[in-house]
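Read through the structure below, which is laid out as structure tokens, and then see the notes.
Residue numbers (the working numbering), protein chains in the order written: chain D, 842 to 1018; chain X, 842 to 1018.
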């Protein structure tokens, strides 16, 4: 069972363009890659802010065959949204979640953000691979890839450099032991 | 006359590792690249914080044949440090500085930071090329590549991807018209 972090960022590590919500600023090439990264995984992990932003889309596609785990400090607030096996809410740690997904027979969990969740998972050491789309943009201001109050410094190795288009790179990093 | 931005960043766009000063966290491969980028330029542009951090080293090498322009809101505070043609302080805009360097017959100005100065130059449109060293690190916390209160979004094209080592990339972007 592998935990894979998937993100699109600007050159200055922004997830969002200034204070705009979401990643609609990303290129068509990244959107295509993101769809294929979603298809490759059987579990999606995300924070409650990301969930709230994408809630309508997520709830329309609950029967896609994927399990969605939403990480929140207050899972009880989302009791009415819960659909066992499809949409679940938890305050468990990354290790507890990864162990549970492994025990339940899942193969591949995609961590989808936002910044606090990326920070939490990278800091915990459960991330096997990072798939970073690097767009040719610099925003100066916006939500940050691993933006949280926790300073981290995981050990990573570059394993692959792909061109999604002339200007957009897909960089793959693995945790190095 | 070309203005080239030179920087080393983590995957989340940090210039510094957490609250540590400077870029001593960068790889040996980047340090070698940085030395050659410095040798290629005849003018160095930086902000007063970067100058203050590197002051002793800079003042030891004043006769290296390079001109250093330090950007500050209070040039008068640095009157005693000034050595005409080698170390100068100004509150001019990027355009004014670039025009002056062109008029003085210089060929290549390297913008060396920090975040506020990178933001200022990228926002102004005078940057011809960006040379970004991308290290396989994620810090979560630290000074940001273009960290300032000004939201920017310059048009850039990826022109080159070089491997400085197995894990360290040198990415070159040009302003696209």
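Just so you know, even glycine gets a beta-carbon here, dropped at the ideal spot from N, CA and C.
query: Using 8 Å as the threshold, is the region 1006-1016 of chain D in touch with the region 969-978 of chain D, meaning 3 or more CB pairs across them?
result: yes
task: Can you give me, in chain order, the residues of the region 968-982 of chain D that have a beta carbon less than 7 Å from any beta carbon in chain X?
output: 973, 977, 978, 979, 980, 981, 982
query: Using the C-alpha atoms, what's the distance from residue 847 (chain X) back to residue 905 (chain X)?
result: 19 Å
message: Using C-beta distances below 7 Å, list every residue in its chain close to residue 987 (chain D), excluding the 5 sequence neighbours before and after it, in chain order.
response: 956, 959, 960, 963, 993
Residue 861 (chain X), DSSP secondary structure in three states: coil
message: Does chain D have any CB closer than 8 Å to the CB of residue 935 (chain X)?
response: no
query: If you scan the region 848-919 of chain X from start to end, which runs of the alpha helix (DSSP H) of 4 or more residues do you find wholly inside it?
result: 869-881, 889-901
- request: Within 10 angstroms of the Cβ of residue 858 (chain D), are there 16 or more other Cβ atoms? Answer buried if so, exposed if not.
  value: Under this definition residue 858 (chain D) is a buried residue.
field: Cβ-based neighbour list, residue 866 (chain D), same chain, cut-off 6 Å, excluding 5 preceding and 5 following
entry: 858
- request: Please determine, among X:845, X:879, X:894, X:880, the residue with the shortest C-alpha to C-alpha distance to residue 861 (chain X).
  value: X:894
query: If you measure from the beta carbon of residue 916 (chain D) to each beta carbon in chain X, is any gap under 8 Å?
result: no
task: Leaving aside the five residues before and after residue 977 (chain D) along the sequence, list all residues of the same chain whose C-beta is less than 6 Å from its C-beta, in chain order.
output: 1008
query: Between the Cα of residue 908 (chain D) and the Cα atoms of D:880, D:890, D:917, which residue gives the shortest distance?
result: Per the Cα distances, D:880.
- prompt: Quick one: what does DSSP say residue 989 (chain X) is sitting in, helix, strand or coil?
  reply: coil
task: Measure the Cβ-Cβ separation of residue 1005 (chain X) and residue 870 (chain X) and say whether it is below 8 Å.
output: yes
- prompt: Which first and last residues belong to the beta strand (DSSP E) in which residue 961 (chain X) is found?
  reply: Run containing residue 961 (chain X): none in the beta strand (DSSP E); it sits in the alpha helix (DSSP H), 956-965.
field: Burial state of residue 946 (chain D), where buried means 16 or more other Cβ atoms lie within 10 Å
entry: exposed
query: Just how far apart, CA to CA, sit residue 965 (chain X) and residue 1001 (chain X)?
result: 23 Å
field: Neighbourhood of residue 950 (chain D) by C-beta, 6 Å cutoff - its chain only, sequence neighbours within 5 removed
entry: 844, 884, 886, 942
query: With which residues is residue 974 (chain X) paired in a DSSP beta bridge?
result: X:849, X:1011
task: Determine, using beta carbons only, whether residue 888 (chain X) comes closer than 8 Å to chain D.
output: no
task: Please list, in chain order, all residues of the same chain as residue 903 (chain X) whose beta carbon is under 7 Å from its beta carbon, the five residues on each side excluded.
output: 924, 927, 928
query: Beta-carbon separation of residue 997 (chain D) and residue 973 (chain D) under 8 Å?
result: no
query: Considering residue 949 (chain X), what are the terminal residues of the beta strand (DSSP E) in which it resides?
result: 949-952
Chain-order list of residues whose beta-carbon lies under 8 Å from that of residue 952 (chain D) (same chain, five-residue window excluded): 844, 845, 846, 847, 886, 887, 958, 959, 962, 968
- prompt: If the cut is a Cβ gap below 8 Å, which residues of chain X does residue 1014 (chain D) touch?
  reply: What residue 1014 (chain D) touches in chain X, judged by beta-carbon distance under 8 Å, is 852, 977, going in chain order.
message: Between which residues of its own chain and residue 849 (chain D) is the CB-CB distance below 6 Å, once the five residues before and five after are set aside?
response: Residues 864, 867, 871, 974 of the same chain have their beta carbon placed closer than 6 Å to that of residue 849 (chain D), with the five preceding and five following residues left out of the count.
task: Work out the CA separation of residue 999 (chain D) and residue 852 (chain X) for me, nearest whole Å.
output: 11 Å
task: Could you check the C-alpha separation between residue 932 (chain X) and residue 990 (chain D) for me, to the nearest Å?
output: 34 Å
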